[in-house]
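In what follows, a single structure is set out as structure tokens and then discussed.
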Amino acid sequence: MTFHLHKFPLMSKSKKIHDLIMNKESSLARHAGGGEEEGEDEGAGEIREEQVVLEADEEADAHRIRLPDFPGGADAFELAAKFCYGVKLDLTPATAAPLRCAAERLGMSDDHAEDNLVSRADRFMSHTVLRNPRDAIRALKSCEDLLPLADDLGLKALLETVIVNLPEETIKSSAHTGTAVGATTARVLFGLLRTANILQASEASRDMLERRVASRLPDAAVDDLLIPSYSYLVETLYDVDCVERIVRHFLEGRGGGVEEVDEEGSEAETPGREASRRAMLAVGRLMDAYLGEIATDANLKTDKFCDLAWALPDGARVYDDGLYRAVDIYIKAHPALREEEKEKVSGVVDGRKLTLEACTHAAQNERLPLRTVVQVLFFEQLQLRRAIARTIVANEGGAAGQGEEEGESDGGRTWRVATRGNQMLRLDMDSMRNRVQELERECTTMRKAIQKIDRRGGAAGDRGAAAAPAAEGRWGSMVTKRFGCKFPAQVCQSQPRSVVARPRRARIEQSP
1 MTFHLHKFPL MSKSKKIHDL IMNKESSLAR HAGGGEEEGE DEGAGEIREE
51 QVVLEADEEA DAHRIRLPDF PGGADAFELA AKFCYGVKLD LTPATAAPLR
101 CAAERLGMSD DHAEDNLVSR ADRFMSHTVL RNPRDAIRAL KSCEDLLPLA
151 DDLGLKALLE TVIVNLPEET IKSSAHTGTA VGATTARVLF GLLRTANILQ
201 ASEASRDMLE RRVASRLPDA AVDDLLIPSY SYLVETLYDV DCVERIVRHF
251 LEGRGGGVEE VDEEGSEAET PGREASRRAM LAVGRLMDAY LGEIATDANL
301 KTDKFCDLAW ALPDGARVYD DGLYRAVDIY IKAHPALREE EKEKVSGVVD
351 GRKLTLEACT HAAQNERLPL RTVVQVLFFE QLQLRRAIAR TIVANEGGAA
401 GQGEEEGESD GGRTWRVATR GNQMLRLDMD SMRNRVQELE RECTTMRKAI
451 QKIDRRGGAA GDRGAAAAPA AEGRWGSMVT KRFGCKFPAQ VCQSQPRSVV
501 ARPRRARIEQ SP
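Numbering (full-length UniProt numbering), first residue to last: 1 to 512.
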């Protein structure tokens, strides 16, 4: 957009416009002085006309100023120009931030003119905008178009200063208290991390912020982990690498507390260790839910999914039902996976940690590889056996104690109830065994079908094999004539009834 303005009002308030106009006028004066010293040659009239045209263009260009990439656009420049002409400004929360950036670009500070636009905009921001939450939100909304000026305005440096001055928080303090320490909650830290990624802050600042986020990871939600990927080099929708680094920092801050609790047993169950174990389980549930959310991303590679699933130790999950749900979603969302890739993805689930409901669903899941289904059925059968054993032991102990206290009648009633329960468990085991047998029969049928396909491919070999009995008869006749003895032809199989004697055939072949 072009503005036709007087230069003196602008030069009186704006240092940048004053410098631009003075530089243009001085360069034009030097060029005009050099042109007068040139001599006149032949055709001087034509050259003089061309010089007049050029001088007119240069003189017009001397009074034209270009301000590319002006903050706030034409609206902000128009407000700044009105201020230079002495027009009373009507500042609002929506125009305060763009006008402040425009004043900074034009150099309208108090050093150039008294009570200039920079100081007025600062007073309005501090006295009016920042004291009202609604006005502050409107001013922040108007800054969306000013993000390219982050370097010039020092927003990155300000963000890095905020990150460095965050209060120290450790995983131990959060484990003991169970709540956010001070005002820095998990949501606020994740919001700062998103802002650092948008502004492309330094690696050191982002690493420091990721470590602070890792200390608040047990208090985070799934939406906090869904950090968009702002890099053109990353194909995934969310920044998976950032979450993986946060989990790694979380584990480094713990120092292997889960392994110590598991090895030392109940004696090590101090309040601090118990809170630490709860934090680890909370992170395990959080990661399972996060994997279920990102599993639908078509650009998420198999290796990256498995790395995220294996990032936590075994003690972080009591049951793998949430992880199995994420695996099922991933396989369903990626139908083009090879069988090897499906087996690798399914391998992150521990069949021993699946509940009976999850085992039943996995056994009937057609998307899972056959090997995974067989493993799930095996572990399900083991769970049933253990349940039966525990039930029998509990019923025997209960029946013995009840017989001593209440008599044989109550003990017999309890035993009948236990026997009925055991029968139901045996029926369940039989159904599981039948399902395994059905899978084995399906495998056998598939093998037979493959063998039939291979046999059809060798049709020529089959025709040659059809002539084998005749050749065998000729060979037997030749041996009989040569050695003068008879051998009954027998076919020996694994069953005794399959032995067949063919003496008549030998006589027929021996006859001339």
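Each residue gets a CB set at the ideal place from its N, CA and C atoms; glycine is no exception.
> Counting along the chain, where does the alpha helix (DSSP H) carrying K7 start and finish?
Replying inline: Here residue 7 is taken as the residue at index 7 of the sequence shown, counted from 1. From DSSP, the alpha helix (DSSP H) with K7 extends over 7 to 13.
> How should H334 be labelled, buried or exposed, when 16 other C-beta atoms within 10 angstroms of its C-beta is the threshold for buried?
Replying inline: Residue mapping note: residue 334 aligns to position 334 of the sequence shown, counting from 1. Its Cβ being crowded by 16 or more others within 10 Å, H334 is buried.
> Which class does Y238 belong to by DSSP, given the choice of helix, strand or coil?
Replying inline: Locating residue 238 in the sequence shown gives position 238, counting from the first residue. In this structure, Y238 counts as strand in the three-state DSSP scheme.
>> Given this structure, state the Cα-to-Cα distance separating K82 from M125, to the nearest angstrom.
In response: By 1-based counting over the sequence shown, the position of residue 82 is 82. By 1-based counting over the sequence shown, the position of residue 125 is 125. Their backbone Cα atoms lie some 19 Å apart in a straight line.
> Does the distance from the CB of C84 to the CB of S14 come in under 8 Å?
Replying inline: Numbered from 1 along the sequence shown, position 84 holds the residue referred to as residue 84. Numbered from 1 along the sequence shown, position 14 holds the residue referred to as residue 14. Yes, these two residues count as a Cβ contact at 8 Å.
> Touching or not, the region 232 to 242 and the region 274 to 281, by the rule of three or more beta carbon pairs under 8 Å?
Replying inline: Output reads no: the region 274 to 281 does not touch the region 232 to 242.
>> Nearest by alpha-carbon distance to A387: which of L130, E366, M424, R338 is it?
In response: The residue you call residue 387 lines up with position 387 of the sequence shown. Nearest C-alpha to A387: M424.
>> Taking the beta carbon of V87 as the centre, do at least 16 other beta carbons fall within 10 Å, making it buried, or is it exposed?
In response: For this step, residue 87 is matched to residue 87 along the sequence shown. So V87 counts as exposed.
> Between the region 8 to 27 and the region 128 to 135, do three or more beta carbon pairs fall short of 8 Å?
Replying inline: no
> So is V318 buried or exposed if we call it buried at 16+ other beta carbons inside 10 Å?
Replying inline: Within the sequence shown, numbered from 1, the residue matching residue 318 stands at position 318. Exposed: under 16 other Cβ atoms inside 10 Å.
>> Please state the DSSP three-state secondary structure of P133.
In response: In the sequence shown, counting from the first residue as 1, residue 133 sits at position 133. P133 falls in the helix class under three-state DSSP.
>> Could you check whether P98 and P71 sit closer than 8 Å to each other, using their CB atoms as the reference points?
In response: Mapped onto the sequence shown, residue 71 falls at position 71. Mapped onto the sequence shown, residue 98 falls at position 98. Result yes, Cβ atoms of P71 and P98 sit closer than 8 Å.
> If you scan the region 190 to 256 from start to end, which runs of the alpha helix (DSSP H) of 4 or more residues do you find wholly inside it?
Replying inline: 203 to 215, 222 to 225, 240 to 254
> Measuring CA to CA, which of D224, R206, S202, A196 is closest to R187?
Replying inline: On the sequence shown, position 187 is the one that residue 187 refers to. Measuring from the Cα of R187, the nearest candidate turns out to be D224.
> Whose C-alpha, out of C306, V349, F379, is nearest the C-alpha of R325?
Replying inline: Along the sequence shown, read from residue 1 onward, the residue named residue 325 stands at position 325. Closest option to R325, Cα to Cα, is V349.
> Could you give the C-beta distance for L189 and R212, rounded to a whole number, given that I count them as a contact under 8 Å?
Replying inline: Mapped onto the sequence shown, residue 189 falls at position 189. Mapped onto the sequence shown, residue 212 falls at position 212. Going by Cβ atoms, the distance from L189 to R212 rounds to 6 Å, so yes, they are a contact pair.
> Distance, Cα to Cα, K301 vs E438?
Replying inline: As a first step, residue 301 must be located in the sequence shown, where it is residue number 301. As a first step, residue 438 must be located in the sequence shown, where it is residue number 438. Whole-angstrom Cα-Cα distance: 34 Å.
>> Helix, strand or coil for I65? Go by DSSP, reduced to three states.
In response: The residue labelled residue 65 in the question sits at position 65 within the sequence shown. Three-state DSSP puts I65 in coil, outside helix and strand.
>> Rounding to the nearest angstrom, what Cα-Cα distance links S229 and L286 in this structure?
In response: Reading the sequence shown from its first residue, position 229 is the one you call residue 229. Reading the sequence shown from its first residue, position 286 is the one you call residue 286. Pairing S229 with L286, the inter-Cα distance amounts to about 20 Å.
> Can you round the beta-carbon distance between I137 and I65 to whole angstroms, since I take them to be within the 8 Å contact cut?
Replying inline: Numbered from its first residue, the sequence shown carries residue 137 at position 137. Numbered from its first residue, the sequence shown carries residue 65 at position 65. 35 Å between Cβ atoms; not a contact.
>> Short of 7 Å in beta carbon distance, which residues of its chain neighbour A103, apart from the five on each side in sequence? Order them along the chain.
In response: Taking the first residue of the sequence shown as 1, we reach residue 103 at position 103. Closer than 7 Å at the Cβ level, and outside the excluded window around A103, lie A80, L117, V118, A121.
>> So M280 and A316 are supposed to be a Cβ contact under 8 Å. How far apart are they, rounded?
In response: In the sequence shown, residue 280 corresponds to position 280, counting from 1. In the sequence shown, residue 316 corresponds to position 316, counting from 1. The pair is a contact, with the Cβ atoms about 5 Å apart (cut-off 8 Å).
> For L312, does the three-state DSSP call read helix, strand or coil?
Replying inline: As a working note, residue 312 is residue 312 in the sequence shown. Correct three-state label for L312: coil.
> DSSP three-state call for K344: helix, strand or coil?
Replying inline: The residue labelled residue 344 in the question sits at position 344 within the sequence shown. Note: K344 maps to helix in three-state DSSP.
> Apart from the five residues on each side of it in sequence, which residues of its chain come closer than 6 Å, Cβ to Cβ, to A74?
Replying inline: Sequence index remark: in the sequence shown, residue 74 carries index 74 (1-based). Cβ within range, chain order: M1.
>> Can you tell me whether S126 sits near the ligand COA, meaning its C-beta is under 7 Å from at least one heavy atom of the ligand?
In response: This structure lacks the ligand COA, and indeed carries no ligand of any kind.
> Considering only residues of the same chain and omitting the five flanking positions on each side of M429, which have a CB-CB separation below 6 Å?
Replying inline: Position 429 of the sequence shown, counted from the first residue, corresponds to residue 429. If we look at M429 and ignore the five residues flanking it on each side, its Cβ neighbours are L384.
> Nearest CA to the CA of D314: which residue from V283, K332, E341, I331?
Replying inline: Start at 1 with the first residue of the sequence shown, and residue 314 comes out as number 314. Answer by Cα proximity: V283.
>> Let me check understanding here. Comparing Cα to Cα, which of A295, C101, A220 lies closest to residue 517?
In response: For residue 517 there is no data in the structure shown, the boundaries of the chain being 1 and 512.
> M22: buried (16+ other C-beta within 10 angstroms of its C-beta) or exposed?
Replying inline: Here the question's residue 22 lines up with position 22 in the sequence shown. Exposed: under 16 other Cβ atoms inside 10 Å.
> Going along the chain, which residues of its own chain have a beta-carbon closer than 6 Å to the beta-carbon of K353, five neighbours each way excluded?
Replying inline: As a working mapping, residue 353 is identified with position 353 in the sequence shown. Answer for K353: Y319, D320, listed in chain order.
> For Q383, which three-state DSSP category applies?
Replying inline: Stepping through the sequence shown from its first residue, residue 383 is reached at position 383. Here Q383 sits in helix by DSSP.
>> Looking at the secondary structure, which residues open and close the alpha helix (DSSP H) in which H361 lies?
In response: Working through the sequence shown from its first residue, we reach residue 361 at position 361. Element bounds for H361: 356 to 363.
> What is the DSSP secondary structure of G407, reduced to helix, strand or coil?
Replying inline: Along the sequence shown, read from residue 1 onward, the residue named residue 407 stands at position 407. Bear in mind that the predicted position of G407 carries a pLDDT of just 49, short of 50, making it too unreliable to give a figure here.
> Quick one, which of V222, D307, I392 has its alpha-carbon nearest T290's?
Replying inline: Counting from 1 along the sequence shown, the entry for residue 290 is found at position 290. The question names Thr, but residue 290 is Tyr in the sequence shown. Of V222, D307, I392, the residue nearest in Cα terms is V222.
> Are I329 and G292 close, meaning C-beta to C-beta below 8 Å?
Replying inline: The count along the sequence shown starts at 1 and reaches residue 329 at position 329. The count along the sequence shown starts at 1 and reaches residue 292 at position 292. Yes. Within cutoff.
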